[in-house]
Amino acid sequence: MRNTTKLKLLLLKYTVSFDMDDDGIFTLMLTDKSTNNTHHFDGKSYSAVLAMAHSFLLKDLKKKVIE
């Protein structure tokens with residue numbers, strides 16, 4: 005799946021914020037639009053943090069379907 009597709013899926017449920025520190029470490033922060041819960045992901049590349057966040061989204065959706 006392409007990164008743009010992953011980002012579009014994340015933006016349906018979350019507000020997404022990206023940052024990068026001086027060492028080149030990317031930080032992605034997800035804020036749930038309905039509950040305002042936040043989650044942070046750190047990684048060495050844009051693709052890595054986006055993949056972590058997308059995986060988190062899928063786990064979260066699966067958990068809500070089971071409940």
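The numbering of the sequence shown is the working numbering, which starts it at 5 and goes up by one. Glycine residues also receive a C-beta, built at the ideal position from the N, C-alpha and C atoms. Quick caveat, the model's predicted, so the values are computed rather than measured.
Which two residues bound the contiguous alpha helix (DSSP H) that contains Thr9? 7 to 17
Leaving out the 5 sequence neighbours to the left and right, which residues in its chain are closer than 8 Å to Lys10 when beta-carbon positions are compared? Leu54, Ala55, Ala57, His58
Would you identify the three-state DSSP class for Ser59, choosing helix, strand or coil? helix
Could you give the residue range of the beta strand (DSSP E) that holds Asp46? 42 to 47
Work out the CA separation of Ser51 and Met24 for me, nearest whole Å. 13 Å
Can you list, in chain order, the residues of its chain with a C-beta nearer than 6 Å to that of Ser21? Leave out the 5 residues immediately preceding and following it. Met33
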